[in-house]
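Read the structure below first, then the notes.
Residue numbers (this note's numbering): 1 to 212.
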């Protein structure tokens, strides 16, 4: 049987720049594709829609990816939308090798197989179509400030963020530029957090450090 291969847009070693694990070194695997798409997330700062060989992208087997991640305890599976794909085999392999696995998702997918991995850390950045069960499953929530909207357009509201913060760690993150910080947006997000003390500010540390 031919080993399953995963389409990886890019892979790299860096520091986690967002959320609870900000500053932790990690191996990042960015999967190709996103069912939400840039037509909804019009200011998406990631290039997930194709394999980028010059950035380490390619079709990789589970063993290829396990070897790549061998020196890093923390592994981040991101996208795009990584839950569009069946990651069962890869997750089994990573966990068996002793890795701490974090999945970054839009919250719009809730595959049955995910329930077999309660130890996986789930970061949900809610996009239109996000599912209540994924909000419940999330270990942390990351709301993009300029993605805040009205309940009628599918984006989470500040009221949603404050309600979730009663039981979850909820970050408010400014919509920065692709590779660097939008200080005006950062200042505004900071002011919102100061008026809503149940929230935390996520600053995208990697963009301050100019690393991937």
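We put the beta carbon where it would ideally sit given N, CA and C, even for glycine. Quantities reported herein were computed from a predicted structural model and do not represent experimental measurements.
Between the C-alpha atoms of residue 76 and residue 9 there is a straight-line separation of about 14 Å. If you ignore the 5 residues before and after residue 73, its C-beta comes within less than 8 Å of the C-beta of 98, 99, 100, all in its own chain and listed in chain order. In its own chain, leaving out the 5 sequence neighbours on each side, no residue places its CB closer than 8 Å to the CB of residue 92. CA-CA distance, residue 4 to residue 161, rounds to 38 Å.
A residue is called buried when at least 16 other Cβ atoms come within 10 angstroms of its Cβ; residue 145 meets this threshold and is buried. Per the C-alpha coordinates, the member of 203, 154, 127 positioned closest to residue 171 is 203. Around the Cβ of residue 16, a 10 Å sphere holds 16 or more other Cβ atoms; the residue is buried. For residue 140, the uninterrupted beta strand (DSSP E) run begins and ends at 140 to 144, by DSSP. Annotation note: the stretch 64 to 150 contains the following uninterrupted beta strand (DSSP E) runs of length 3 or greater, listed N- to C-terminal: 74 to 78, 100 to 105, 121 to 124, 140 to 144. Inclusion of residue 184 and residue 19 in the CB contact set at 8 Å is not warranted, their separation being larger than that value. Here residue 6 is near residue 85, since their CB atoms are less than 8 Å apart.
Distance from the CA atom of residue 142 to the CA atom of residue 165, rounded to whole angstroms, is 11 Å. For secondary structure counted as the beta strand (DSSP E) over 3 or more consecutive residues, the stretch 154 to 199 holds these complete runs in sequence order: 169 to 173. Under the DSSP definition of a beta bridge, residue 5 partners with 61.
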